[in-house]
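Novice: Can you keep this structure in mind? I'll have questions shortly.
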Amino acid sequence: MKKRALAAGVLAACMLVSAAGCGGGASAGGQTAGGSSSGGQTAAAGGNSQNAGADSGNGGGSEAQAAAGTVKDTVTVACAAEPDCFFPFHSSLNTNMDEVPILHNVYESLIKLGPDNSHEPLLATSWEISDDGCTYTLHLRDDVYFHNGDKMTAEDVEFTLDNTGHTSAGMAQLANYDDTEIIDENTVAIHLTDPYGPFLNALCGRFALIVNKSLYEEIGEDAYNEAPVGTGPYKFVSRVSGDRITLEANEDYWGGAPAIKNVIFAVLSDTNTQMISLENGDIDVLINGNIGALSKLQSDKVTWATQNASSIDNLKFNCNKGPAADINFRKAVQCGINKEDVNIGVYEGMATIGDIQIAPGFSGRPDDGTFKVVEYDPEKAKEYLAASNYNGEEFKIVTIAGTKDESAAQIIQGQLIELGINCTVNAVDSSSYSATVEQSGDFGASLRFGGVSVLDADGLFYQYHSKSLLVNGKYDAGVCSDELDGKLQEARVEVDPEKRKLIYAEACDIITDNAYGACIYYDVNACAYNKALTGVVPRSLTGLYFFNDWSWQ
């Protein structure tokens with residue numbers, strides 16, 4: 000993998016705050032501050048026990064406070080899209096990554112995901128995993144209260160997991176979940192039907208955010224969504240649709256009262272407005288910022304950091320019809336894509352070039368050197384093309400209009416045309432994309448970011464396993480095989496981390512040898528923030544920030 004650095008002048012300015020915002024050590028997730036590397040250490044669980052003990056106006060108030068000599072206690076956070084779902088497992092509301100920063104500050108999961116994707120105690124103080132990998136025994140804190148004053152107990156944990164673990168969305172993260180057994184008021188045993196390697200990762204996610212059982216049974220999910228009640232460091236105060244969401248500090252939080260007393264989550268969809276607001280101090284933090292725009296920022300009050308994200312840009316071939324039904328044609332495309340040029344065109348060169356369909360920092364990712372990598376080689380691409388049956392037919396790449404994927408597809412299109420391939424780009428809306436890829440099969444290849452919320456190599460299961468791709472009459476693009484299914488299932492239930500990595504290396508080689516796809520690059524989470532604000536650390540999971548880690552200098 001290769002990563003391009005920023006210009007030296009920007010790098011020097013951004014490194015000044017890197018140490019303040021991030022812990023030391025070797026980063027598994029590839030975090031950078033203005034292009035410099037930082038991070039922590041990755042912790043593997045295995046079978047061992049682990050132990051550890053009101054609306055304040057707009058963001059411009061921060062600058063006004065500073066001028067008046069008063070202490071800042073408010074942070075305004077901006078994002079391009081508005082969150083809509085505030086109940087972690089709502090049965091009908093569409094969920095996405097936009098609500099992550101709200102959910103993970105109002106509610107809490109059993110385990111906390113560190114900046115380096117390690118596991119830290121949160122509502123669970125410690126945990127043990129049985130030798131067969133099918134039982135997780137968690138010891139809960141005894142001093143945790145919901146925002147309405149109710150004490151959190153093992154019953155709330157059992158209720159939450161039993162509800163989320165059997166929903167279609169929940170099963171994708173809490174794979175192989177069976178049930179939760181209450182051992183005592185502060186101990187639960189979570190039972191799986193079969194081992195699931197990244198289950199600890201799943202216990203850090205949205206489907207392990209604990210809700211108040213008695214309140215839910217009293218008011219139902221819709222009322223709970225309107226007035227969320229969790230155990231987190233912040234209370235939900237209000238929402239003005241299309242404008243802002245206001246949180247206030249939970250002064251009785253078990254982890255101590257947060258330094259930031261008010262968080263205003265502002266919706267700013269226009270990139271130019273975001274940049275001007277940052278430079279003027281109208282907002283203090285911008286999450287999921289546009290890297291091209293951030294690289295042009297010229298403010299001594301603002302810095303920014305990036306982290307390899309949990310999304311992967313993967314070109315998947317239609318191996319069952321059209322030009323890509325010919326493996327030599329697919330291999331020609333594999334060798335003929337200059338990923339570095341795509342990276343520069345889409346991400347100013349700041350993304351990490353993709354080699355396999357498992358992002359860096361994911362648990363289960365094979366070690367470098369244990370899997371095959373296809374390098375850019377236009378001459379070899381021409382040899383493969385000559386050996387194929389290709390005769391000028393249209394090779395259509397379908398993607399989502401108005402996205403980074405469309406920009407990437409257009410760059411790839413130009414590269415393939417130079418090789419002699421009649422490549423076109425069909426950029427459509429999301430529903431049309433799904434209809435094309437899952438029903439009609441009218442495409443040569445598809446290009447769309449795929450998020451992996453569990454941050455594990457098991458994401459391959461949902462990209463290439465027949466049980467995931469060929470359900471409910473979905474179009475068969477020919478990227479599944481019994482051999483690959485077997486490897487993905489074997490890796491999913493393997494409890495030894497090193498053995499899992501070797502199995503995934505074999506699975507990736509099957510994908511590469513059969514030219515089922517071409518991994519272009521891994522997405523990047525970018526966060527810009529006021530230099531006077533400390534503790535702001537982007538994580539692999541898009542939008543995952545803990546506001547109680549932040550403070551003004």
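Residue numbers (numbering that gives the first Met the number 0): 0 to 552. Cβ atoms here follow ideal geometry from the backbone N, Cα and C, with glycine treated the same way.
Buried or exposed: residue 71, going by 16 or more other Cβ atoms within 10 Å of its Cβ?
Specialist: Buried, since its Cβ has 16 or more Cβ neighbours within 10 Å.
Novice: Would a C-beta distance cut-off of 9 angstroms place residue 87 and residue 205 closer than the cut-off?
Specialist: yes
Novice: Just to check my reading of the structure: residue 345 and residue 397 have Cβ atoms closer than 8 angstroms, yes? What is that Cβ distance to the nearest angstrom?
Specialist: Not quite, the Cβ-Cβ distance comes to about 18 angstroms (not below 8 angstroms), so this is no contact.
Novice: Please determine, among 144, 135, 450, the residue with the shortest C-alpha to C-alpha distance to residue 234.
Specialist: 144
Novice: Should the region 413-427 be called in touch with the region 334-341, which here means at least 3 C-beta pairs below 8 angstroms?
Specialist: Three or more beta-carbon pairs drawn from the region 413-427 and the region 334-341 are found closer than 8 angstroms, and the two stretches are therefore classed as touching.
Novice: Alpha carbon to alpha carbon, how far is residue 295 from residue 63? Give it in angstroms, no decimals.
Specialist: At residue 63 the pLDDT is 48, less than 50, meaning the model places this residue with poor confidence and gives no usable figure here.
Novice: Report the three-state DSSP secondary structure of residue 120 (helix, strand or coil).
Specialist: For residue 120, the three-state secondary structure derived from DSSP is strand.
Novice: In this structure, how does DSSP classify residue 379 when only helix, strand and coil are distinguished?
Specialist: helix
Novice: Return the residue from the list 471, 102, 519 that minimises the CA-CA distance to residue 246.
Specialist: 102
Novice: Rounded to a whole number of angstroms, what is the C-alpha to C-alpha distance between residue 468 and residue 475?
Specialist: 8 angstroms
Novice: Which residue wins for smallest C-alpha separation from residue 540, given the options 114, 134, 167?
Specialist: 114
Novice: By Cβ distance, which residues of its chain are closer than 7 angstroms to residue 506, with the 5 residues on each side in sequence left out?
Specialist: Take residue 506, set aside five residues on each side of it, and the residues of its chain with a beta-carbon closer than 7 angstroms to its own are 459, 483, 486, 487, 490, in chain order.
Novice: Looking at residue 504: is its Cβ nearer than 9 angstroms to the Cβ of residue 365?
Specialist: yes
Novice: Identify which residue in 263, 264, 261, 288 has its Cα closest to the Cα of residue 274.
Specialist: Each of 263, 264, 261, 288 was checked against the Cα of residue 274, and the nearest Cα belongs to 288.
Novice: Terminal residues of the continuous alpha helix (DSSP H) containing residue 489?
Specialist: Secondary structure note for residue 489: its alpha helix (DSSP H) is the uninterrupted segment 481-492.
Novice: Just reading off the alpha helix (DSSP H) that residue 328 is part of, what are its end residues?
Specialist: 326-335
Novice: Could you spell out the range, first to last residue, of the alpha helix (DSSP H) harbouring residue 411?
Specialist: Where residue 411 is concerned, the enclosing alpha helix (DSSP H) stretches over 403-418.
Novice: With distance defined between alpha-carbon atoms, name the residue in 177, 267, 167, 186 nearest to residue 195.
Specialist: 177
Novice: Under 6 angstroms Cβ to Cβ from residue 231, same chain only, skipping five residues before and after it: list those, please.
Specialist: 104, 105, 106, 107
Novice: Does the region 438-458 come close enough to the region 306-323 that 3 or more CB-CB pairs lie under 8 angstroms?
Specialist: The way I'd put it, the region 306-323 does touch the region 438-458; three or more beta-carbon pairs between them come closer than 8 angstroms.
Novice: Taking only the alpha-carbon atoms, compute the straight-line gap between residue 131 and residue 191 and give it to the nearest angstrom.
Specialist: 10 angstroms
Novice: Starting from residue 155 and walking both ways along the alpha helix (DSSP H), at which residues does that stretch end?
Specialist: 153-163
Novice: Could you give the uninterrupted runs of the alpha helix (DSSP H) lying entirely in the region 265-332, keeping only those of 4 residues or more?
Specialist: 270-279, 290-293
Novice: Since residue 180 sits in a beta bridge, which residues does DSSP pair it with?
Specialist: 188
Novice: Which residues bound the alpha helix (DSSP H) around residue 499?
Specialist: Unbroken alpha helix (DSSP H) run through residue 499: 496-512.
Novice: Using the DSSP secondary-structure output, state which residues sit across from residue 455 in a beta bridge.
Specialist: 362
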